[in-house]
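In the working numbering, the protein residues as written are 403 to 591.
Here's what the structure looks like:
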């Protein structure tokens, strides 16, 4: 291996691509913060205010709130990811916006709806995390927030879900929903 090849090996494309992928993941995370805020606010509004006094099983109320948060936050994700995270490359084929939107909903339906619904049931109905949060509920009372351990658990569960869903969402979006074919590649869907 000559000196030029050695330098290229040590400073070539892979580190640049790796760094670009890292920054893309950071931007995805920043968009994800806005998605989280949109989803959580929607989830809370639906759970506490819209369905708060509705006569239904609490688990159903949680799932309805989760679906509402999903629908609004995925639209938010599509808008911001198209503009800042997975921008079209000039040397690639133009993406059809509605196909990308549908793929975005499908990808989040798997990881952001199906998986979060399963995880909510896991945290709340199988692990019963509220049994570990009584101290937190008491501590919050000191700040004027009167929440039961169950309320704390319902409020915390979506954040626990993010540890699992963020990396999965990034991979599915990067490699499927926003994938851009090069202009010379054969079109296969």
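Each residue gets a CB set at the ideal place from its N, CA and C atoms; glycine is no exception.
Taking the alpha-carbon positions, what's the residue i to residue j distance?
| i | j | result |
| --- | --- | --- |
| residue 408 | residue 418 | Unreliable positioning characterises residue 408 in this predicted model, as indicated by a pLDDT of 44, which lies under 50. The coordinate reading is nonetheless provided below. When rounded, the distance between both Cα atoms is 16 angstroms. |
| residue 448 | residue 547 | 19 angstroms |
| residue 415 | residue 424 | The predicted model places residue 415 with a pLDDT of 49, which falls under 50 and marks its position as unreliable, so this point remains unresolved. |
| residue 445 | residue 431 | 20 angstroms |
| residue 406 | residue 471 | Note that residue 406 scores 39 on pLDDT, short of 50, meaning its location in the model is unreliable; the coordinates nonetheless yield the value given after this. If I take the Cα positions, the gap works out to 53 angstroms. |
| residue 580 | residue 464 | 30 angstroms |
| residue 544 | residue 529 | 27 angstroms |
| residue 559 | residue 467 | 13 angstroms |
| residue 584 | residue 504 | 21 angstroms |
| residue 533 | residue 554 | 10 angstroms |
| residue 526 | residue 460 | 11 angstroms |
| residue 403 | residue 572 | With a pLDDT of 47 at residue 403, under the threshold of 50, the modelled position of this residue cannot be trusted; read the value that follows with caution. Rounded to whole angstroms, residue 403 to residue 572 spans 37 angstroms at the Cα level. |
| residue 562 | residue 524 | 11 angstroms |
| residue 439 | residue 496 | 30 angstroms |
| residue 427 | residue 556 | 28 angstroms |
| residue 491 | residue 582 | 8 angstroms |
Following the continuous alpha helix (DSSP H) through residue i, name the residue where it begins and the one where it ends.
| i | result |
| --- | --- |
| residue 453 | Segment: none, residue 453 is in no alpha helix (DSSP H) and carries neither H nor E. |
| residue 545 | Counting along the chain, residue 545 falls outside any alpha helix (DSSP H), and DSSP gives it neither H nor E. |
| residue 460 | 460–482 |
| residue 507 | 499–510 |
| residue 557 | 551–574 |
| residue 517 | 517–523 |
To which residues does DSSP link residue i through a beta bridge?
| i | result |
| --- | --- |
| residue 584 | 494 |
Is any non-hydrogen atom of the ligand MN found closer than 8 angstroms to the C-beta of residue i, if you look at the structure I gave you?
| i | result |
| --- | --- |
| residue 580 | No copy of the ligand MN occurs in the structure displayed, which carries no ligand at all. |
### Query
Would you say the stretch 561–568 touches the stretch 510–524, given that touching needs at least three Cβ pairs under 8 angstroms?
yes
### Query
Is it a yes or a no for the stretch 506–513 touching the stretch 549–559, going by three-plus beta-carbon pairs under 8 angstroms?
no
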